[in-house]
Amino acid sequence: TAYARIRVARHHTGPGAPDAFGTEAWCAGVDPLPYTTGPGQLRPGDIGFGHARRGGTPPSELFRSIRRWSTYQHRLTEWINRCRRVHGEALQIVVLDQTGFELPWEALDLPPEPGAGLRGGPLGALVDVARWLDDFPDRAVAPDGRVLSFFHADMTRDQEFFDPYEHRPHFGIESFLNTLDDLDGQRTGLVYMGCHGTFDQELSKLTLGGGTWADYHDLDMRLLGRDESLVCLNACHSGRFLDYGGDGRQYLRGFTQIFLRNGAGGCIVSAGAVGDPEARVMIRRIVDTVTEDSGRPVAGALRAFRAEVYDTFLAGGGVPMMVRDDGTFDAERQRNVLRLLYSLMFQYYGHPLSTLRLTARPHGAPVAAGTGGRP
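Every position in the sequence shown, counted from 1, becomes a number in my numbering once 910 is added.
Take a look at the structure:
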């Protein structure tokens, strides 16, 4: 594989020591980054995308915290810039983060290098970035087929995202999950869930579409193994992981892990809350960007989308102060920051060269009716 690899692992220093992490990285044509840790690699509690929500940490404060954290990772950001100098726009990075610390790698702020023609900004807006679990992905996939979806009752209008394509929507979670075991139907390129998710420190309170983590864990989802479909989970906290060992084995539990284990070719998930109108606009744009060009890898489509949002962010003045000259809260410019954070909050797990091709709905064919539940 030709992509650059970054491995992030917990750093164990002894009983009573604070949680910390270390990084190491490899890229063709660039000296490896040896395992690196230090005082700037303590577990950060205030920079996870779970804070990016209305009523949470003000967007500008969260963004500034992430930028400060990025300066502590200077050995890594300098190494990434060396890779950018060697490979230019062709650089792709896969992050294997096994910490469970909710580190926002897509938002890692790279310093500019004007002499080398490198602009600065969030990693996910400058480089094709993917994540993976357990080990680095060894092959790209190209899922091809219809859309298979589930929509919660208050998200059914999102069906319109897929009007141009062959689409089988569901409004009942049980009938939808049963369909993931049905190998008699046509091939599926995209599995999409527009629903609610919850995250908590109790495993039984990790939910997606009303089902618990344990409900999903017991499913085979054989359709994913056959079709290697891309899975998009448009649900709050769908990409978060709980470090849990209450059943006798300690490991990171999450819905991303279940879908990938069952054969999904990749997952687009949310590392935070997505329930407000700004987030809905973001996921619509992500779906449009990923599906409009079947020859462009998903990671490249997401980078292009984030780059556009980042350019808009800069054109709007960048990171604002909390208040205007008159002492009032600068709501509009804070929304500008929130849009950028949302674009970075949707994370992609998969091979950086994997693509997606959806089957077009025949001209004049009716839009498919839903199955199960009530639209």
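Note that beta-carbon positions come from the ideal geometry of N, C-alpha and C, so glycine has one too.
Asked: Shortest alpha-carbon distance to residue 1258 belongs to which of 1217, 1246, 975, 1210?; Found: 1210
Asked: Check each candidate in 1042, 1134, 1105, 1233 and name the one with the smallest Cα separation from residue 1189.; Found: 1105
Asked: Per DSSP, what are the beta-bridge partners of residue 936 in this structure?; Found: 915
Asked: Mind checking which residues open and close the alpha helix (DSSP H) that includes residue 969?; Found: 969-982
Asked: Between which two residues does the alpha helix (DSSP H) holding residue 1253 run?; Found: 1241-1255
Asked: Applying the 10 Å Cβ sphere with the 16-neighbour rule, what's the burial state of residue 1081?; Found: buried
Asked: Does residue 1011 come out as helix, strand or coil in the three-state DSSP assignment?; Found: coil
Asked: Take the Cβ of residue 1143 as the centre, count every other Cβ of all protein chains shown within 10 Å, and call the residue buried at 16 or more, exposed below.; Found: buried
Asked: State buried or exposed for residue 1093, treating a residue as buried only when at least 16 other CB atoms are found within 10 Å of its CB.; Found: exposed
Asked: Check whether the region 1246-1255 touches the region 953-964, taking contact to mean three or more Cβ pairs, one atom from each stretch, closer than 8 Å.; Found: yes
Asked: Say whether the region 934-951 touches the region 1014-1023, bearing in mind that this needs 3 or more beta-carbon pairs closer than 8 Å, one atom from each stretch.; Found: no
Asked: Quick one: measure Cβ to Cβ for residue 1152 and residue 1163, integer angstroms, because I've assumed they're closer than 8 Å.; Found: 5 Å
Asked: Residue 979 and residue 954 - do their beta-carbons sit closer together than 8 Å?; Found: yes
Asked: State buried or exposed for residue 1161, treating a residue as buried only when at least 16 other CB atoms are found within 10 Å of its CB.; Found: exposed
Asked: Using a threshold of 8 Å, state whether the C-beta atoms of residue 1182 and residue 1147 are closer than that.; Found: yes
Asked: Do residue 1039 and residue 1005 have their CB atoms nearer than 8 Å?; Found: yes
Asked: Could you tell me the alpha carbon to alpha carbon distance between residue 1246 and residue 924, rounded to whole angstroms?; Found: 43 Å
Asked: For residue 1042, which residues from the same chain have a beta carbon less than 7 Å from its beta carbon, with the 5 sequence-adjacent residues on both sides left out?; Found: 1004, 1006, 1259
Asked: Residue ranges of each alpha helix (DSSP H) run of no fewer than 4 residues wholly in the region 1046-1107, ordered along the chain?; Found: 1083-1089
Asked: May I ask you to list the residues that DSSP assigns as paired with residue 1161?; Found: 1154
Asked: At what residues does the alpha helix (DSSP H) containing residue 1200 begin and finish?; Found: 1187-1202
Asked: Grab the span of the beta strand (DSSP E) containing residue 1143 for me, first residue to last.; Found: 1140-1144
Asked: Would you kindly report the start and end of the unbroken alpha helix (DSSP H) that includes residue 1208?; Found: 1208-1225
Asked: How is the alpha helix (DSSP H) around residue 1132 delimited, first residue to last?; Found: 1132-1137
Asked: What first and last residue would you give for the beta strand (DSSP E) that runs through residue 1038?; Found: 1038-1042
Asked: What is the C-beta distance between residue 935 and residue 989, in whole angstroms, given that I count them as a contact (C-beta under 8 Å)?; Found: 6 Å
Asked: Return the first residue and the last residue of the beta strand (DSSP E) that residue 957 is part of.; Found: Careful: residue 957 lies outside any beta strand (DSSP E) and carries neither H nor E.
Asked: By the three-class DSSP mapping on this structure, what secondary structure does residue 1124 have?; Found: helix
Asked: Per the DSSP calculation, residue 1180 is bridged to which residue(s)?; Found: 1256
Asked: Once the 5 residues before and after residue 1054 are set aside, which same chain residues still bring their CB inside 6 Å of it?; Found: 1099, 1267
Asked: Suppose you measure from the CA of residue 1230 to the CA of residue 971; what does that come to, to the nearest Å?; Found: 9 Å
Asked: Suppose contacts are defined by Cβ-Cβ distances below 8 Å. Is residue 1130 in contact with residue 1091 by that definition?; Found: yes
Asked: Since residue 1078 contacts residue 1049 with CB under 8 Å, what's their CB separation in whole angstroms?; Found: With a Cβ gap of about 28 Å, residue 1078 and residue 1049 do not count as contacting.
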